[in-house]
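Engineer:
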Amino acid sequence: MSEQGLGARAAVGDARPGAAASDAGADAGAADSMFAVQYAEFGPPEVLTVRPHAQPHAEAGQVRIAVRAAGVAPVDLSIRSGRSPSASRLTLPHIPGMDAAGVVDEIGPGVRGVALGDEVFGSVDIAKLGGASAEFAVLSFWAKKPAALPWAQAGASGSSIETATRALDLLDITEGTTLLIDGAAGGVGSAAVQLALARGARVIGTASVANQSYLASLGAQPLTYGPGLPGRVAALQAETLQAPALQATARATTPIDRALHVSGANALPELISLTGSPDAVVTLSDFTGPSLGVRVSVGEIGGEPDGRHGLAAAAALATQGRFRVRIDHVLPFERAAEAHVAAGALSPRSGKIVLVPPGEQLH
Ligand SMILES: NC(=O)c1ccc[n+]([C@@H]2O[C@H](COP(=O)([O-])OP(=O)(O)OC[C@H]3O[C@@H](n4cnc5c(N)ncnc54)[C@H](OP(=O)(O)O)[C@@H]3O)[C@@H](O)[C@H]2O)c1
Numbered sequence: 002m003s004e005q006g007l008g009a010r011a012a013v014g015d016a017r018p019g020a021a022a023s024d025a026g027a028d029a030g031a032a033d034s035m036f037a038v039q040y041a042e043f044g045p046p047e048v049l050t051v052r053p054h055a056q057p058h059a060e061a062g063q064v065r066i067a068v069r070a071a072g073v074a075p076v077d078l079s080i081r082s083g084r085s086p087s088a089s090r091l092t093l094p095h096i097p098g099m100d101a102a103g104v105v106d107e108i109g110p111g112v113r114g115v116a117l118g119d120e121v122f123g124s125v126d127i128a129k130l131g132g133a134s135a136e137f138a139v140l141s142f143w144a145k146k147p148a149a150l151p152w153a154q155a156g157a158s159g160s161s162i163e164t165a166t167r168a169l170d171l172l173d174i175t176e177g178t179t180l181l182i183d184g185a186a187g188g189v190g191s192a193a194v195q196l197a198l199a200r201g202a203r204v205i206g207t208a209s210v211a212n213q214s215y216l217a218s219l220g221a222q223p224l225t226y227g228p229g230l231p232g233r234v235a236a237l238q239a240e241t242l243q244a245p246a247l248q249a250t251a252r253a254t255t256p257i258d259r260a261l262h263v264s265g266a267n268a269l270p271e272l273i274s275l276t277g278s279p280d281a282v283v284t285l286s287d288f289t290g291p292s293l294g295v296r297v298s299v300g301e302i303g304g305e306p307d308g309r310h311g312l313a314a315a316a317a318l319a320t321q322g323r324f325r326v327r328i329d330h331v332l333p334f335e336r337a338a339e340a341h342v343a344a345g346a347l348s349p350r351s352g353k354i355v356l357v358p359p360g361e362q363l364h
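Taking the working numbering as reference, the numbering of the sequence shown is continuous, increasing by one, and the terminal residue is 364.
1) Quick test of your reading: A344 and L78, contact by CB under 8 Å. State the CB separation rounded to the nearest angstrom.
2) Would you call E163 buried or exposed, if buried means 16 or more other Cβ atoms sit within 10 Å of its Cβ?
3) Would you report the Cα separation of G265 and E120, rounded to the nearest angstrom?
4) Would the beta-carbon of D170 be found less than 6 Å away from any heavy atom of ligand 1?
5) So the beta strand (DSSP E) V48 belongs to, where does it begin and stop?
6) If you draw a straight line from the alpha carbon of A317 to that of P151, how long is it in whole angstroms?
7) So within the region 145-177, which uninterrupted alpha helix (DSSP H) runs reach at least 4 residues, ignoring any that extend past its ends?
8) Going by Cα to Cα distance, which pick from P228, A239 and A197 is closest to L219?
9) Quick one: give me the first and last residue of the beta strand (DSSP E) that G120 is part of.
10) Please tell me whether T241 and A202 are closer than 7 Å, where the distance is taken between their beta carbons.
11) So the candidates are V139, F122 and F43; which of them puts its Cα closest to the Cα of E60?
12) Count the other C-beta atoms from every protein chain shown that fall within 10 angstroms of the C-beta of F142, then say buried if there are 16 or more, exposed otherwise.
13) Taking 7 Å as the limit between beta carbons, can you name the residues of its chain near P110, skipping five residues before and five after?
14) List the endpoints of the continuous beta strand (DSSP E) containing S34.
15) What number of angstroms, rounded off, separates the C-alpha of E47 from the C-alpha of Q56?
16) Measuring alpha carbon to alpha carbon, tell me which of G98, S209, R259 and L169 ends up nearest G308.
17) Just to check, is the beta-carbon of G44 closer than 6 Å to a non-hydrogen atom of ligand 1?
18) Return the CA-CA distance between V295 and A338, expressed in angstroms with no decimal places.
19) When every heavy atom of ligand 1 is checked, does at least one fall within less than 6 Å of the C-beta of D106?
20) Hey, could you find the ends of the alpha helix (DSSP H) P223 is sitting in?
21) For D100, count neighbouring C-beta atoms within 10 Å of its own C-beta (all shown protein chains included) and say buried if the count is 16 or more, exposed if not.
22) Bridge partners of K353, per DSSP?
23) Going along the chain, which residues of its own chain have a beta-carbon closer than 8 Å to the beta-carbon of E42, five neighbours each way excluded?
24) In three-state terms, what does DSSP make of E240?
25) By how many angstroms is the C-alpha of R233 removed from the C-alpha of L269?
26) Helix, strand or coil: which one does DSSP assign to D77?
27) Suppose you measure from the CA of P223 to the CA of A37; what does that come to, to the nearest Å?
28) What residue from P97, A236 and G72 has the CA that sits closest to R52's CA?
29) Please report the straight-line C-alpha distance between L356 and S134, rounded to a whole angstrom.
30) Report the rounded CA-to-CA distance for K353 versus A208, giving the unit in angstroms.
31) Beta-carbon separation of A153 and A74 under 7 Å?
32) So, at 6 Å on beta carbons, what are the nonlocal neighbours of N212 in its own chain, with the 5 sequence-adjacent residues on each side left out?
33) Let me check you understand the geometry: is the CB of G184 closer than 6 Å to at least one non-hydrogen atom of ligand 1?
34) With DSSP as the reference, identify every bridge partner of L180, one or two as the case may be.
35) Under 7 Å, do S160 and S124 count as touching if we go by C-beta distance?
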C-alpha cells in the first residue's frame, strides 16, 4: 500500500466552512458546509474538484460519519463519465463514492446498536449513487470497524462485501460447496473468495496471470480466465488428484457445484457447462444472463434480499486474520482525479484505490 501526497492541503483548506464566497457554491452556507470531492458536469477525471458542499444529515435508519477513508469503485467512474444510465437521475454537483469508513457523529431516528464516536465502515444509500468522498458521509448500512481492519481497507469494502455476500446467499454457499468464482481478484471477487472459504466452501477463482499468486494467498485455487475454462478446471482436478497433501481433503476434487460470475464477457455458457445447470450460476455483470436462464443479481433495486449482514461477518473474520482488502493506492481528496485514473486502469488489478480527507494519516 502506498500513501502519497498527504501533505497537500491548500485547496481543501479553502473549502472549509467560512471559505471565500466565490468558492462557497450555491448550497454550501458556511454554517452547514463541508469540503467534498465533487463534479458539476459529467466528463473525464479532471472534472473532479474539492469544494464546499452542504453537509448531509442522517435520516431514519442511517448514521453520519466523519470520513477517514472512502473507496473508489468502478461504478463511480462510469457515473462520473456520464456513461451510466443512472447518471441521468443525478442533480449536479454530485459527490462520488459509495463506500466509506469513519467515526459516527450523527445517528438517525430508529437506529440501535451504535453510538456517537463508534468507528464504522459501510456504504451510502445506493440509490443516491454517491456521497462518500466528503468530510461527512451518511451511511445506510454499516458494521463496527475492528481494530484489525485498517481504515483504508474498511473504507474501500462496504459495497463489495454486501454484493459478495448477497451472491453467496443466492447460490446457497455452505460447508462443502465447491464454488468457482470467475473474476476473483477484484474488489467483489476477493471478498467473495474469503467469505466463501469462511463458510467452509472449496473455492476455485479465476484471474489474470499476474494475480494467480494473490488468489492463492487468499486460499483459492487459482486459474486464468477466458475461453477454455472447463479444460483448465479438468486439468486442475487431475493435478489435485496427484497431490498427496490435497487428497486428504475430500472436497479437493469434487465437481463444481456453483459458479459466481463477477466479471468478463461471454463466460456464462462455460460456467453453465461446468456446473451442469444455469440455476447453479449467478452473474453480477452480464445482463444477458436471463436469456440463458442465469440469474443476475442487482441487489435492492431488484427487490432481492440484501447482503448487509456480510459486513459484520467480514469484520469478525478480519479480527481473526481471515479477511483483508488489497489496497493499491491511498490518495488525498485533492488528488481525486488521479485516483479515478488509477481506478480506471484495466487488468491486472492490484488493489483498491482509496481517498482520504486532507491531513489524514492512515496507519
Ligand atoms: N450487480 C451488482 O450488484 C454489482 C455490485 C458491484 C459490482 N458489480 C460489478 O461486478 C464487476 C466487478 O466489480 P469489482 O468492483 O470487483 O471490479 P474490479 O475490482 O475492477 O475487479 C474486476 C476483476 O475482473 C477481472 N477480469 C478482468 N477481465 C476478466 C475476464 N475476461 N474474465 C474474468 N475476470 C476478468 C479482473 O482480474 P485481473 O485484475 O486479474 O485481470 C479484476 O480483478 C463489475 O462489472 C461491477 O460493475 C456488480
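Just so you know, even glycine gets a beta-carbon here, dropped at the ideal spot from N, CA and C.
Quick caveat, the model's predicted, so the values are computed rather than measured.
Structural biologist: Walking through what the data contain:
1) 6 Å
2) buried
3) 35 Å
4) Because no heavy atom of ligand 1 lies under 6 Å away, the Cβ of D170 does not count as near it: no.
5) Note, V48: premise wrong, no beta strand (DSSP E); not H, not E.
6) 13 Å
7) Scanning the region 145-177 from its first residue to its last, the whole alpha helix (DSSP H) runs of 4-plus residues come out as 152-156 and 159-171.
8) A197
9) Inspection of the sequence shows that residue 120 is occupied by Glu rather than by Gly. First-last of the beta strand (DSSP E) with E120: E120 to S124.
10) no
11) V139
12) buried
13) Answer for P110: A61, listed in chain order.
14) That run of the beta strand (DSSP E) goes S34 to Q39.
15) In a straight line, the C-alpha of E47 is about 23 Å away from that of Q56.
16) L169
17) no
18) 37 Å
19) Here the distance from the Cβ of D106 to the nearest heavy atom of ligand 1 is not below 6 Å.
20) Not the alpha helix (DSSP H): P223 falls in the beta strand (DSSP E), residues Q222 to T225.
21) Buried, by the Cβ-count rule.
22) I328
23) V48 and L93
24) In the structure shown, E240 sits in a helix (DSSP, three-state: H, G or I).
25) When rounded, the distance between both Cα atoms is 16 Å.
26) helix
27) 40 Å
28) P97
29) As the crow flies, the alpha-carbon of L356 is around 7 Å from that of S134.
30) 16 Å
31) no
32) Correct list, in chain order: A186 and P349.
33) yes
34) V204 and R259
35) yes
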